[in-house]
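One structure is given here, and the rest of the page talks about it.
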Amino acid sequence: MRVVALIHFYLPAHRAGSETMLHALLRALVDAGHDAHVVVTSQPEGDDEYTVDGVRVHRAGAGERTVPRLVASLDPDVLLTHHQETPHASKLGRDLGVPVVHVVHNNMHHTTLWLHKRPDLVVFNTWWIRRYYATRHRGLRSVVVHPPVWGEQHAATPGDRVTLVNLNRDKGGLHFYELARRMPDVDFLGVVGGHGAQVIDWSVPNLEIQPQTPDMPGDVWSRTRVLLMPSIYESFGMVAVEAAHSGIPTIAHPTPGLLESLSYAGTFIDRDDTDTWVRTIRSVLESDTWGPLSAVARRRAVELDPRVELAAFVAELESLHTDHQRR
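In the working numbering, the protein residues as written are 3 to 329.
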């Protein structure tokens with residue numbers, strides 16, 4: 003089976019959660035003996051053709067490299083897509099007569115509109131989003147795959163800093179700087195994120211800013227004791243699971259996604275309750291509190307082993323391909 007993913011960005015240039023999740027899905031297909039390709043539409047940098055972990059990437063452009071020509075030349079059995087390329091992939095799937103799979107990362111308004119295209123299969127990244135759409139789009143064939151996090155790729159010996167990954171406003175960048183100012187005796191680490199306008203403030207003396215990095219264990223988790231996620235929205239919260247593999251506890255705003263990913267291992271506080279955040283950070287930094295929370299974080303990380311869900315995804319895609327051939 004040949005699967006072609008039509009998307010806007012891909013690894014290694016872009017490493018946001020959507021890209022890393024999609025790569026894990028395609029890697030699972032490659033490991034199962036299938037052929038996986040990616041066509042990127044908005045990636046200005048890099049080679050026109052390259053390979054990442056067995057996944058062949060093609061950069062769309064002009065002439066013979068327009069999206070319709072490039073996708074058709076790859077002769078897909080299944081088209082996979084997400085985000086803004088979803089409408090284009092839906093049309094191409096109809097034109098080429100192949101099934102289309104939507105990977106759904108959120109319950110935003112545009113996602114709701116795109117699901118009216120009635121894809122042949124939907125891959126939801128959480129159970130709560132699947133439930134959200136169950137009454138809005140009845141009868142959709144679907145499977146749930148939580149964003150895969152591989153422990154061996156993220157585990158490190160924790161450090162001593164209080165960390166926020168992605169300094170945009172929605173992730174809590176402004177809240178983070180306020181907390182650092184309120185706690186001048188505590189060292190903070192802010193990590194530049196892969197998406198969204200970053201709030202960069204060099205004026206806080208006890209806060210270091212780490213540029214975006216592919217080496218999260220070395221540059222981030224080995225320096226972090228507590229992770230903060232005062233996000234206004236998280237459909238899942240991969241970074242919390244990554245941190246948990248190092249036994250790093252997370253204090254978070256109770257978004258539906260973080261409640262699902264962290265479950266009993268999270269410490270949840272409303273993002274606007276700054277006083278409680280300050281008290282809780284100080285408490286969690288204490289050894290008597292941190293130790294048990296660290297053990298609970300590791301236990302939760304183990305529970306989210308991605309292998310079972312990835313195997314179910316591969317089986318569902320194979321079944322979809324077989325069903326389509328029989329028509």
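Idealized CB from N, CA, C, for every residue including glycine. Note that the structure is predicted; figures quoted are calculated from it, not measured.
DSSP state of Q23 mapped onto helix, strand, coil: Here residue 23 is Met; the residue named in the question, Gln, does not match the sequence. DSSP, read as helix, strand or coil, puts M23 in helix.
Grab the span of the beta strand (DSSP E) containing T113 for me, first residue to last. It is not in any beta strand (DSSP E) - T113 instead sits in the alpha helix (DSSP H) that spans H111 to W116.
Which same chain residues, not among the five before or five after R171, have their C-beta less than 7 Å away from its C-beta? V201
Where Q200 falls: helix, strand or coil (DSSP): Residue state, collapsed to three classes: strand.
Can you name the start and end residues of the alpha helix (DSSP H) that A242 belongs to? M240 to A246
Using the Cα positions of G56 and V151, report the straight-line distance between them to the nearest angstrom. 19 Å
How about V206 and R183: are their beta carbons less than 8 Å apart? yes
In whole angstroms, what is the alpha-carbon distance linking R301 and L76? 43 Å
Return the first residue and the last residue of the alpha helix (DSSP H) that F315 is part of. R309 to R328 is the span of the alpha helix (DSSP H), which, as asked, contains F315.
Beta bridge counterpart(s) of H60 as assigned by DSSP: According to DSSP, which records beta bridges pairwise, H60 is partnered with V41 and E51.
Suppose you measure from the CA of K93 to the CA of R329; what does that come to, to the nearest Å? The straight-line gap from Cα to Cα measures roughly 20 Å.
Local conformation of E66 per DSSP, three classes: Three-state result, E66: helix.
Just list the beta strand (DSSP E) runs in the stretch 131-193, keeping only unbroken ones of 3 residues or longer that don't cross its boundaries, in chain order. Whole beta strand (DSSP E) segments, 3+ residues: 144-146, 163-167 and 190-193.
Rank E320, Q327 and D325 by C-alpha distance to the C-alpha of L31 and give the top, closest one. Ranking the options by Cα distance to L31, first place goes to E320.
Contact the stretch 98-117 vs the stretch 129-139: 3+ CB pairs below 8 Å: yes
Check whether the stretch 213-232 and the stretch 160-170 touch, using three or more Cβ-Cβ pairs below 8 Å as the test. yes
Residue from R29, E180 and H90 whose Cα sits closest to the Cα of R58: R29
How close, in whole Å, do the beta carbons of I250 and P160 come, if the pair is a contact with beta carbons under 8 Å? 5 Å
How many angstroms separate the CA atom of V40 from the CA atom of L115? A straight-line Cα-Cα distance of about 24 Å links V40 and L115.
What does T215 pair with, by DSSP beta-bridge criteria? Listed as beta-bridge partners of T215 by DSSP are no residues whatsoever.
Please report how far the alpha carbon of A297 lies from the alpha carbon of D272, in whole angstroms. 24 Å
Return the chain-ordered list of same chain residues with a C-beta closer than 6 Å to the C-beta of E318, the five sequence neighbours on each side being excluded. V145
Which residue comes first and which comes last in the beta strand (DSSP E) that contains H104? V102 to V106
Give me, in chain order, the residues of the same chain whose beta-carbon lies closer than 6 Å to that of H25; leave out the 5 immediate sequence neighbours on both sides. Counting only Cβ-Cβ distances below 6 Å, and skipping sequence neighbours, we find L13.
Measuring straight from C-alpha to C-alpha, what distance separates E51 and R67? Distance between the alpha carbons of E51 and R67: 11 Å.
Range of the contiguous alpha helix (DSSP H) that encloses T252: Not the alpha helix (DSSP H): T252 falls in the beta strand (DSSP E), residues T252 to A254.
Since A7 sits in a beta bridge, which residues does DSSP pair it with? Paired residues: V40 and L82.
Which value, in whole angstroms, describes the spacing of the CA atoms of Q212 and E87? 31 Å
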